[in-house]
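Down below is the structure, laid out as structure tokens.
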């Protein structure tokens, strides 16, 4: 017996459990040459998946209704007729939300359990770390002594961005939605300042106060009113990395915002959308750097691990709702 | 006797003639060593001056109330105690709105009447041409076969941008506000398509129709609803040059717009504010290229020339109102 989690219907606005279905599969796994049987161990749930649940044009094709969702998964090889993978190997790749599945190995990479915990390959030494590192390097181009603001700072990517900022000698200001998260940013991740956007009445003033010299780099995971407020503090030649816009993913109407154009032209500032997969040629260098910092204890990471395959949709919903601290992962 | 045009008060919203004053000056010009006496010949009126009339923080300091406005001016040397300039030379630089003024030559460059008409040094071989050329090259990075949209296309910068686009092998779509301007874009400047935003009900649909392969480069002179509409057609890796936001310069309230962040992240697109003075090291190469194209008749330019020094404020207001075709210039 096998189980999959499918997209039952396209969510309208905020997704609910009704948008997902658990399907019992009567799979009979007979491997062809080159194939292997995988058992899922850890499943990554990420904000970008919300986009794929809609059928709007985007950089990745939408999920199909009635078919399994897919995301980053760490799996173990149970059987193998593929000469590159042997039984007991662990692999990482974009796989379906199934307890077991067959793969020909395409797009999968073997991972080494001795170098980092398996779940870290979904986070700090996986897409999360790569997104933080490459977004900051390739677009943010930070220089020692500059000031950086990170929104969604307590999230998986945000917490890594802030730590890398500190390693590089920046003043780092994190924005998050609970006092507990703000404390964590400062005490655990070494952020210089934290702003709780849910309890702060005047975000514009709070950012100005935290960044008296203005903002040189803004790593934006959220969009919406928080990002509007940051605009008022940007410096000449500021760089704004648009890594996500979680605040609008569930919106059914076209979101309006403060017009960015006057701010960009006044400050010769740059704003660029960042999608990690466009920088695949830089992954090896970036992973090496992340692993080095991890080994030197310069980077720490948080995970919120939810147990049980069937809880994957709830984990996704909770992550969208900001209930995670650091990377949200399902342990199968 | 001499005359200056001063900023009488800071405009609120759309400027009016009341915001300017004409002052008779009882100047007695006695030159010190190194100085020269200049008589203004051509005065440039430009959208960016509106910003300097307010006291908001910007990339250039605000004009002072009660003092002369300044802009790009072509002047003739009447008397000289400066060894680098002799009587009869023509110079270009940032000068005050005065019929006559004394200068020590700092920031002025000699211009050659035989290479281009004097007024062209305020336009196609001056800041206008440089803005078009460098904005497009440095941020737009156009590639043959791509599609470009230009807003404010019948304006000084826009009409040059479109022509350079055609030289470089792009499909060029211009947006302007009268049918006469649209005709001019296509018949005189070689644009492939023109959209009259004042008579087009659904700009989003009109842009999609004119750019069936999507928009790779958007040279934005206007901001506002026109720029909102372009977002829906941008391609992956699109580059948006924010050269101006004339649609909001007169706004007293903070302008709202469609949130750009989701569009930028979905398309890995870039949006960057462009200010020509940041690229001064590239001026010589750019001027040479512009002059070459001009000599080869690959570039043509339009001027709206208003006669009379005292009409400079009205010329500025008319330019802000879109009454010019090409570069708006006052002949003193």
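Protein chains in written order, with the UniProt record's numbering: chain E, 1 to 332; chain V, 1 to 332.
All residues carry an ideal CB built from backbone N, CA and C; glycine is no exception.
Computed from a predicted structure; not experimentally measured.
Integer-rounded CB distance, given that residue j should sit under 8 Å from residue i
i	j	result
residue 40 of chain V	residue 98 of chain V	7 Å
residue 175 of chain E	residue 136 of chain E	Wrong, their Cβ atoms sit about 16 Å apart, outside the cutoff.
residue 241 of chain E	residue 272 of chain E	7 Å
residue 122 of chain V	residue 313 of chain V	17 Å between Cβ atoms; not a contact.
residue 260 of chain V	residue 244 of chain E	No, residue 260 of chain V and residue 244 of chain E are not in contact; Cβ-Cβ is about 14 Å, not under 8 Å.
residue 81 of chain E	residue 35 of chain E	5 Å
residue 365 of chain V	residue 68 of chain V	Outside the modelled stretch of chain V, which goes from 1 to 332, sits residue 365 of chain V, for which no answer is possible.
residue 71 of chain V	residue 49 of chain V	6 Å
residue 232 of chain E	residue 204 of chain E	5 Å
residue 199 of chain V	residue 13 of chain V	That pair is no contact at about 25 Å.
residue 156 of chain E	residue 181 of chain E	Contact flag wrong, Cβ pair sits at about 13 Å.
Buried versus exposed, by CB contacts within 10 Å (16 or more), residue i
i	result
residue 144 of chain E	exposed
residue 24 of chain V	exposed
residue 1 of chain V	exposed
residue 327 of chain E	buried
residue 222 of chain E	buried
residue 77 of chain E	buried
residue 119 of chain V	buried
residue 338 of chain V	As displayed, chain V neither begins before 1 nor continues past 332, which places residue 338 of chain V out of reach and without an answer.
residue 220 of chain V	buried
residue 365 of chain V	Outside the shown range of chain V, which is 1 to 332, sits residue 365 of chain V, and nothing can be said about it.
residue 284 of chain E	exposed
residue 103 of chain E	buried
residue 321 of chain E	exposed
residue 4 of chain E	buried
residue 297 of chain V	exposed
residue 46 of chain E	buried
residue 44 of chain E	buried
residue 131 of chain V	buried
residue 275 of chain E	buried
residue 308 of chain V	exposed
residue 29 of chain E	exposed
Own chain partners of residue i with C-beta closer than 7 Å, once the 5 adjacent residues on each side are dropped
i	result
residue 282 of chain E	134
residue 213 of chain E	147
residue 235 of chain E	214, 215, 216, 267
residue 101 of chain V	38, 95
residue 279 of chain V	134, 138
residue 229 of chain V	203, 204, 207
residue 142 of chain E	136, 148, 165, 168, 170, 217
residue 196 of chain V	176, 177, 178, 179, 182
residue 21 of chain E	6, 8
Opposing strand residues paired with residue i [DSSP bridges]
i	result
residue 257 of chain V	E/257
residue 92 of chain E	E/74, E/109
residue 23 of chain V	V/4
residue 218 of chain V	V/149, V/240
residue 103 of chain V	V/36
residue 329 of chain V	V/44, V/305
residue 98 of chain E	E/4
Own chain partners of residue i with C-beta closer than 6 Å, once the 5 adjacent residues on each side are dropped
i	result
residue 334 of chain V	With chain V running from 1 to 332 in the structure shown, residue 334 of chain V is simply not present.
residue 93 of chain E	107, 108
residue 27 of chain E	2
residue 148 of chain V	165, 170, 172, 217
residue 357 of chain E	This structure gives no information on residue 357 of chain E, because the portion of chain E shown stretches from 1 to 332.
residue 11 of chain V	19, 53
residue 140 of chain E	217, 239, 241
residue 111 of chain E	90, 92, 121
residue 73 of chain V	40, 43, 95
residue 269 of chain V	234, 238
residue 250 of chain V	13, 14
residue 194 of chain V	174, 182, 185, 186
Cut-off 8 Å between Cβ atoms - residues of its own chain near residue i, not counting five sequence neighbours on either side
i	result
residue 56 of chain V	62
residue 224 of chain V	245, 247, 248, 255, 257
residue 9 of chain E	18, 19, 65
residue 124 of chain E	116, 160, 290, 294, 299, 301, 327
residue 311 of chain E	330
residue 332 of chain V	39, 40, 41, 42, 43, 99, 308, 309
residue 31 of chain E	37, 79, 80, 81, 102
Starting from the N-terminal side, write out each stretch of the beta strand (DSSP E) that is 3 residues or longer and does not extend beyond the region 25-80 of chain V.
-> Taking only runs of at least 3 residues, the beta strand (DSSP E) segments lying wholly in the region 25-80 of chain V are 36-44, 70-80.
Starting from the N-terminal side, write out each stretch of the beta strand (DSSP E) that is 3 residues or longer and does not extend beyond the region 298-327 of chain E. Every unbroken stretch of the beta strand (DSSP E) spanning 3 or more residues and falling wholly within the region 298-327 of chain E is given here in chain order: 303-307.
Next on the checklist: Could you tell me which whole alpha helix (DSSP H) segments of length 4 or greater appear in the region 132-214 of chain E?
Outcome noted: Taking only runs of at least 4 residues, the alpha helix (DSSP H) segments lying wholly in the region 132-214 of chain E are 156-167, 179-187, 203-210.
Worksheet item: Fully enclosed by the region 226-274 of chain E, which beta strand (DSSP E) runs are 3 residues long or longer?
Response: Within the region 226-274 of chain E, the beta strand (DSSP E) runs of at least 3 residues that lie entirely inside it are, in chain order, 234-242, 256-258, 270-273.
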